[in-house]
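Q: Sharing a structure, written as structure tokens. Questions coming.
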Amino acid sequence: MRTTVLVPEVVVVAAALALLLGGRLLPRRRWVWLRLAALVAAVAALGLELWLGAAVGTLFAGGWQQDRFALFAKAALLLGLIVLVASDLEAGDQESGWSALPLAFLAAFGGMVAASATSLVGLWAGLELAALAAVAAAGVVARDAGSRLLVVSAVAGGLVAVGFAVLYAMAGSASLSALSIALRPSAVSVPLAFVVLLTLTGVVVRLALAPLQLAMLEGGGLSIGPLAAGALGGLLTGVAAVVAARLLGGLGGVNLTWAPWLSVVAAFAMVFGGLRAATSSSARALVAWLAVTQVGWLVAGLAVHDRRGSAGALLVLGALLLAATAAPALAMTAEGDVQLAGLRRSQPARAAALAILLLSLGGVPPLAGFMGQFAVAAELIRSNVAWVLAAGLLGSLLALFGVVRAIRQVYLDPGPEPARGGRARAQVSWSPVALAPAVLVLLYSIFANPISGLALQGAAALKLP
Amino acid sequence: MSLAGLPAIAVSLNVQPWLAAVAPSPSPSAAPATFGANVIGFSFLLSVLVWAPVVMAFVVAILPEPRPGQGRWFLGCAFWTNALSLLLMIIGYTQFQTYTSGLQFEENLPWLPALGISYHLGVDGIGMALLLLNGLVGLAAVIASWDVRERGRTYFVLLLLTQASVNGVVVARDVFMLLLFWAASAVPIAILVAGYSASSRRSAAAGRLLAYWGLGTAALLAGILLLYNAAGSTSFDLDTLAKVTPSPRVELVIAVLFALAAATRLPLVPFHSWARDVLAEAPPGVVVLVAGTASRLGGYVLVRLMAGIAHDASRTLAPFLGALAALTVIYAVLAALNTNDVRRLAAYLALVPGGVTVLGVAGLTPLSLDGTVLLLFAGGLAAALVAGSAATLAERAQARNLGVAAGLAGRIPKLSWLLLLGCLAVLGLPFLATWLSGLMVFLGSFRTQPGAAFVVAIGLVLGAAASARLMHRVVFGAPNPDAPTPSDASLSDSWYLGILVGALLWVGLLPSGPKLFGIPVVDPGLVNIVNTSTADLASSYATTPTPTPSPSPAPSPSASATPSVSPTP
């Protein structure tokens, strides 16, 4: 396999460094060009990934692999990065958001590393890089929030690190393929059970706690800015999902032992997220709780532990990355929460995009979120875990209340009285950039066929039954 | 359909000659083609009917803000979209080949082959009837919204999206797509109710609607997934799923889930409270759309999915469905007798056709199923008429209490008579479409569900009393001198209610379509359109005579076929 397959990773890292340097060297009025350059770099990385990443093989003596799972995961992460950068352009947070942009690129790079990892070391490195970058992105905006996130992040990272270390000790190798051979279902013992529980807890904390934390922060009045919120609630969640999928693939048959536990976690996330979404008053908190609900669906798909279940989870992952990275930026401005009432009048593009993203996160057909949830639901029935499906449907139903309330505010509540005359007309913002994430969500639904095919191939690459 | 299966009750009621005129001829070859049929061919008729409203909704959403005085732009877009859609539906209806089983105007493209999902659209007679209903009610709903000026853009976008999703449910032949459109209709309607109802109860009404419809969607999804699983997780195509034979237990669960989905949408008691609130609080356009088409989808799912797929389970559930139908009708009329709010009264009366529809499904005979599908069409029109006219009357009279809005016949005669007609249409006034379809339901279901049919008939008598009370107070009572001055129906009100009345009369008077020298002209007849599909459906429930050992060498077949009871509906 040729090393050209690494070009997208190189582009992402180079873009991160260039953005860091550019932020220091260029005057502030030129930063908009840097943001545009960031968008171009992200789009180029995605294009290169789709072009070069189609090759299948390994590098570095098997330490790096490019398979269909890696291709799907990286493409999804880069898509998430693109919508994050695009929505940052729309949010226009000139001051605080700037330093978070290179960190978002680094978070995406961490995800790319994890997607191609063949060992526990690679998974851990990718996950921690992404987590650190996302937490740092929050910390540069709001220190209090950053320090709170850092504590939780350290706990989750510690759990994962200890779990990985003991797994390595028990299997005698850090390689995922060796792990699946050494840890046969018959070898499940109390120490192994404890270790796997520890590890999965760490990953799940990373997976679900990122948006959960975001919601708690927003609820507590700690705003971390649109970019950091997207990086934390979208990108980091995506990276954790990639790690979870890879790890569950590596754990092989042992996973079946843990399926009920994962199912409980999934059901809890779906119902709790839906319940909080139905009652949240802030747009940002609504986005975060909807993301928690989607994470529940994702974990439910992984808990099924077969190709089709994991493929459904990957479909959810793509939809989640698209919506959860962009929605926070659209739900907030530099001053704080966006005013939903009357948003249709003042910023029609943002209103439409936010509505579509919320509907997708809420799993309303025929948008991207629904496609993934439906694929997972079909597998839940096939696997005779109808109670998880029931929990998921309850969660989605509850979430729908929050979504409808928000859309009603956006489109039907009058909002502040517009000023009369020509100036009022000039204040209406019709930025096409804001529509980019919504268009991508729509395209995800329209091209669900090739995407679901790629997701199936990705799940097959995990060597699940 | 053959008249051989009609029970003796038809003979005793002396309606058989009339039914013979209504019922389609038994032989396909004997039926002459409609004049002008098959002149125009469509490749994408159904896609156009589903997606044109979506495209127009998008266009309306991005149109620049109109200048003052041009506020009707959005209404115009919605009106012409619906008018052209109705025109296409009517052309499709006239081109529909009667006496041909199978799908017409079919489109089938692979969409998600990995999951067995295809973009499969098509209509049979049942779908065609519902599609025509959607077209008529959709146009009526837009005209009923003539006075919506404030936030008109959002209103008409949501209205168009609702119509597209309702059309999508009817024409979908892939249950994934059916579910997709079914679920997609809930959000725009909820926002319409929450945003455009005048009363303070609008949030509660929208919340109830979302809760019940969400429950129904969840039940439908679970049922579909169970069916998909039983089919080996290979296809969501309705034709494939119809051939699946799951275990009796699973089939029963699937049927219960489909019935639950239908009960939340139609609605049936005890899943009805959303309908009471929405029909009593929403603006007339939304009321017409919800009562006329969106709620009829429940009956459609009952016929198409439950009765069409889960045959044995449908037989098992039939008595329960009959009981639910009876409960719904009795509850609705008693509640109507007990309320003093004209809109609530009409909302309760609008539940009656749904109950009778379910009675037809519970009957599971060729005649009752035929009547059920016709009643989906006629009941939708009648429910829209009674709820819409009550909403408009309350708006024009500036009062909704029976004590205040009293004695209006002399002051607003048009609306008063239209309300009266709506009440009578719900109860099945002769020569309206509801009478014909209701009669078929009763005649068909008395044989298999005599108890439920009897109770529903009692309910209709009580419904007549509720209507009489309404008329006595609102229309013919003494005017209230303290009441605000009412104004009669505007031109748009007359038109939208007139469309509903006209369709009810047309199908009621000419169920087999007009004929010139024995050749159907323009309209092939709704009964003929519906018949072949319902006959196919009913063939699964045809009772095969069981040979019973008897000492008598030649038992009389007529004696065994004749039911011993002959109640009068």
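Protein chains in written order, with my numbering: chain A, 1 to 465; chain B, 1001 to 1569.
Beta carbons are placed, not taken as given, at the ideal position from N, Cα and C, and that holds for glycine.
#1: If distances are taken between C-alpha atoms only, which option among A/Ala228, A/Ala377 and A/Ser263 comes closest to A/Arg143?
#2: When DSSP builds the beta bridges, which residues end up paired with A/Gln65?
#3: What does B/Ile1191 reach in chain A if we use C-beta pairs closer than 8 Å?
#4: Is it the case that the Cβ atoms of B/Leu1302 and B/Ala1259 are separated by a distance below 8 Å?
#5: Please work out which residues of its chain come closer than 7 Å, Cβ to Cβ, to A/Glu9, disregarding the five sequence neighbours upstream and downstream, and give them in chain order.
#6: Evaluate B/Pro1284 with the Cβ neighbour count: other Cβ atoms within 10 Å of its Cβ, from every protein chain shown; 16 or more gives buried, anything less gives exposed.
#7: With B/Val1356 and B/Ala1384 assumed to form a contact (beta carbons below 8 Å), what rounded beta-carbon distance in angstroms separates them?
#8: The ligand ADP heavy atoms versus the CB of A/Leu197: any closer than 7 Å?
#9: Keeping to the same chain, check which residues put their C-beta closer than 8 Å to that of B/Asn1038; ignore five residues upstream and five downstream.
#10: List the whole-angstrom C-beta distance separating A/Val299 from A/Leu262, where the pair is believed to meet the contact cut-off of C-beta under 8 Å.
#11: I'd like to know whether the C-beta of B/Gly1216 is nearer than 8 Å to at least one C-beta of chain C.
#12: What is the DSSP secondary structure of B/Tyr1541, counted as helix, strand or coil?
#13: If you measure between the beta carbons of A/Arg284 and A/Glu379, is that distance less than 8 Å?
#14: Using DSSP with H/G/I as helix, E/B as strand and the rest coil, what is B/Gln1095?
#15: I need the straight-line Cα distance from B/Gly1380 to B/Gly1292, nearest angstrom please.
#16: State the DSSP-derived secondary structure class of B/Gly1379, mapped to helix, strand or coil.
#17: Taking the alpha-carbon positions, what's the B/Ala1394 to B/Val1342 distance?
#18: Judging by CA-CA distance, which residue of A/Ala455, A/Ser116 and A/Ile224 is the nearest neighbour of A/Leu59?
#19: B/Ser1247 touches chain A at which residues, Cβ-Cβ below 7 Å?
#20: Which residues, in order along the stretch 270-290 of chain A, keep a beta-carbon less than 7 Å from a beta-carbon of chain B?
#21: Thinking just about the alpha-carbon of each residue, which of A/Gly146, A/Leu320 and A/Ala303 is nearest to the one in A/Thr293?
#22: What is the rounded straight-line gap between the Cα of B/Ile1309 and the Cα of B/Ala1206?
#23: Which residue or residues does DSSP assign as beta-bridge partners of B/Ile1126?
#24: Would you say A/Arg307 reaches chain B, if we count a Cβ-Cβ gap shorter than 8 Å as a contact?
#25: Report the partner residues of B/Leu1121 according to the DSSP bridge assignment.
#26: Closer than 8 Å by beta-carbon distance: list the chain B residues that pair up with A/Ile381, in chain order.
#27: Under 7 Å Cβ-Cβ, which residues of chain B neighbour A/Gly453?
#28: Where does B/Gln1398 land, buried or exposed, given buried means 16+ other C-beta within 10 angstroms?
#29: If we define contact as Cβ-Cβ less than 8 Å, is B/Ala1194 a contact residue for chain A?
#30: Kindly list the residues whose CB is nearer than 8 Å to the CB of A/Leu20, restricted to its own chain and excluding five residues on each side of it in sequence; keep chain order.
#31: Under DSSP, the alpha helix (DSSP H) around B/Val1456 begins and ends at which residues?
#32: Can you tell me which residues form a DSSP beta bridge with A/Ala117?
#33: My understanding is that B/Gly1459 touches B/Gly1371, with C-beta atoms under 8 Å, so please give their C-beta distance in whole angstroms.
#34: Helix, strand or coil: which one does DSSP assign to B/Ser1199?
#35: Hey, would you say B/Gln1449 sits closer than 8 Å to B/Leu1359, going by beta carbons?
#36: Look at the alpha carbon of B/Thr1240 and the alpha carbon of B/Asn1134, and state the distance between them as a whole number of angstroms.
A: In short, the structure shows the following:
#1: Comparing Cα-Cα distances from A/Arg143 to each of A/Ala228, A/Ala377 and A/Ser263, the minimum goes to A/Ala228.
#2: In the DSSP output, where bridge partners are listed per residue, A/Gln65 has A/Thr58.
#3: Result: Val404, Ile407, Arg408, Tyr411 and Leu412.
#4: In this structure, B/Ala1259 lies closer than 8 Å to B/Leu1302 by Cβ.
#5: Taken in chain order, the residues that qualify are Phe109 and Met112.
#6: With 16 or more Cβ atoms within 10 Å of its Cβ, B/Pro1284 is classed as buried.
#7: That belief does not hold up - the Cβ atoms of B/Val1356 and B/Ala1384 are roughly 16 Å apart, past 8 Å.
#8: Ligands are entirely absent from the displayed structure, and the ligand ADP is therefore not among its contents.
#9: Note that B/Asn1038 scores a pLDDT of 48, beneath 50, so its modelled location is shaky; the value from the coordinates is reported in the next line. Cβ neighbours of B/Asn1038 beyond the five flanking positions: Gln1095 and Gln1097.
#10: Rounded, the Cβ-Cβ distance is 6 Å, consistent with contact.
#11: In the structure shown, chain C does not exist; the protein chains are A and B.
#12: Three-state result, B/Tyr1541: coil.
#13: In this structure, A/Glu379 does not lie closer than 8 Å to A/Arg284 by Cβ.
#14: Helix at B/Gln1095.
#15: In a straight line, the C-alpha of B/Gly1380 is about 4 Å away from that of B/Gly1292.
#16: Residue state, collapsed to three classes: helix.
#17: Rounded to whole angstroms, the separation of the alpha carbons of B/Val1342 and B/Ala1394 is 7 Å.
#18: A/Leu59 has its Cα closest to that of A/Ser116, out of A/Ala455, A/Ser116 and A/Ile224.
#19: Going along chain A, no residue has its Cβ under 7 Å from B/Ser1247, so there is no contact; the nearest lies around 13 Å.
#20: Of all residues in the stretch 270-290 of chain A, none has a Cβ within less than 7 Å of some Cβ in chain B.
#21: It is A/Leu320 whose Cα lies nearest to the Cα of A/Thr293.
#22: Their backbone Cα atoms lie some 32 Å apart in a straight line.
#23: The bridge partners DSSP lists for B/Ile1126 come to none.
#24: Judged by the 8 Å Cβ criterion, A/Arg307 is not in contact with chain B.
#25: B/Glu1107 and B/Ala1172, per the DSSP bridge assignment.
#26: Those within 8 Å of A/Ile381 in chain B are Ala1222, Leu1225, Leu1226, Tyr1228 and Asn1229.
#27: Ala1114, listed in chain order.
#28: Label assigned to B/Gln1398: exposed.
#29: By this cut-off, B/Ala1194 is an interface position.
#30: Residues of the same chain with a CB within less than 8 Å of the CB of A/Leu20, apart from the 5 flanking positions on each side, are Pro102 in chain order.
#31: For B/Val1456, the enclosing alpha helix (DSSP H) begins and ends at Pro1450 to Leu1470.
#32: Beta-bridge pairing links A/Ala117 to A/Trp64.
#33: Rounded to the nearest angstrom, the Cβ distance from B/Gly1459 to B/Gly1371 is 17 Å, too far for a contact under 8 Å.
#34: Three-state result, B/Ser1199: coil.
#35: Yes; because the gap between Cβ atoms is below 8 Å, this pair is in contact.
#36: Distance between the alpha carbons of B/Thr1240 and B/Asn1134: 27 Å.
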